[in-house]
Structure formats: C-alpha cells, structure tokens
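Participant:
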Amino acid sequence: MDDRIRAEVERVCREVLAPLVQVDGGELHLLRFEGDEVHIHLSAACAGCPGATLTADKVLQPALTSVSPKVRLILTTGVRRPGASDGA
Numbered sequence: 002m003d004d005r006i007r008a009e010v011e012r013v014c015r016e017v018l019a020p021l022v023q024v025d026g027g028e029l030h031l032l033r034f035e036g037d038e039v040h041i042h043l044s045a046a047c048a049g050c051p052g053a054t055l056t057a058d059k060v061l062q063p064a065l066t067s068v069s070p071k072v073r074l075i076l077t078t079g080v081r082r083p084g085a086s087d088g089a
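Right, dumping it as structure tokens:
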C-alpha cells in the first residue's frame, strides 16, 4: 500500500469511521498496515458485540474499499486494544 492510500485510509478512519463507532459507544483503533491489510480493533461498547461483524461488513469494509479496492479489513474486538499496556 502506498503512502497516499495509507494517509487516506487513516483520514477515513479518523474523520468518518471513528465518529460513527463512537455514536454507538464504541472506540475504533487503527492498529497497523500489513501489505493491503488494515488492522482495526473495536473496543468499549463494541467489545465482543455480535454486531461487530455486521459493522465490519456493511460499514467499515465498504468505506475502506472506497479508498482502495484492494484494501482488506482485519477486525478484532475486545476490552483492551492489542498491544496496550496495563499501566495507568
């Protein structure tokens, strides 16, 4: 994934997707890029929510695909963001 597409994915996550997730009490964390994969983690109200798959398929993936058709979403959910420390 080139830098221009990466920057646009980051912008869409920050300005479009994160606010949509926050409306439902969730938090969206853009974790990393690996090739054409975008790793996103949903936490707060989205942690373990059965609707997270629907959100990924109907909201997140289409928004990312609008930036680049090759982008593939890898979604995780949970109370803690992967890689976050337990310290305050």
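With the numbering used here applied, the sequence shown covers 2 to 89.
Beta carbons: idealized from backbone N, C-alpha and C, even for Gly.
1) Determine the contact status of residue 72 and residue 65, defining contact as a CB-CB distance below 8 Å.
2) Please state if the CB of residue 78 and the CB of residue 136 are separated by a distance shorter than 8 Å.
3) What does residue 77 pair with, by DSSP beta-bridge criteria?
4) Expressed to the nearest angstrom, what Euclidean distance is found between the alpha-carbon atoms of residue 57 and residue 9?
5) May I have the straight-line CA-CA distance separating residue 11 from residue 70, to the nearest angstrom?
6) Below 8 Å on the Cβ atoms is my guess for residue 82 versus residue 30; work out the distance and round it to an integer in Å.
7) Does the distance from the C-beta atom of residue 43 to that of residue 74 stay below 8 Å?
8) Going by DSSP, what residues sit across from residue 27 in a beta bridge?
Facilitator: Reading it off the structure:
1) As a first step, residue 72 must be located in the sequence shown, where it is residue number 71. As a first step, residue 65 must be located in the sequence shown, where it is residue number 64. It is a contact, given that the beta carbons lie within the stated cut-off.
2) Residue 136 lies beyond the residue range present for the chain, which begins at 2 and ends at 89; the question has no answer from this structure.
3) As a working note, residue 77 is residue 76 in the sequence shown. Note: residue 77 sits in a beta bridge opposite 42.
4) Start at 1 with the first residue of the sequence shown, and residue 57 comes out as number 56. Start at 1 with the first residue of the sequence shown, and residue 9 comes out as number 8. Near 18 Å, if we compare the C-alpha coordinates of residue 9 and residue 57.
5) Counted from its first residue, the sequence shown places residue 11 at position 10. Counted from its first residue, the sequence shown places residue 70 at position 69. If I take the Cα positions, the gap works out to 15 Å.
6) For the purposes of this step, residue 82 is taken as the residue at position 81 of the sequence shown. For the purposes of this step, residue 30 is taken as the residue at position 29 of the sequence shown. The pair is a contact, with the Cβ atoms about 5 Å apart (cut-off 8 Å).
7) Translated into the one-based positions of the sequence shown, residue 43 becomes position 42. Translated into the one-based positions of the sequence shown, residue 74 becomes position 73. The answer is no: Cβ separation not under 8 Å.
8) For this step, residue 27 is matched to residue 26 along the sequence shown. BP columns for residue 27 point to 45.
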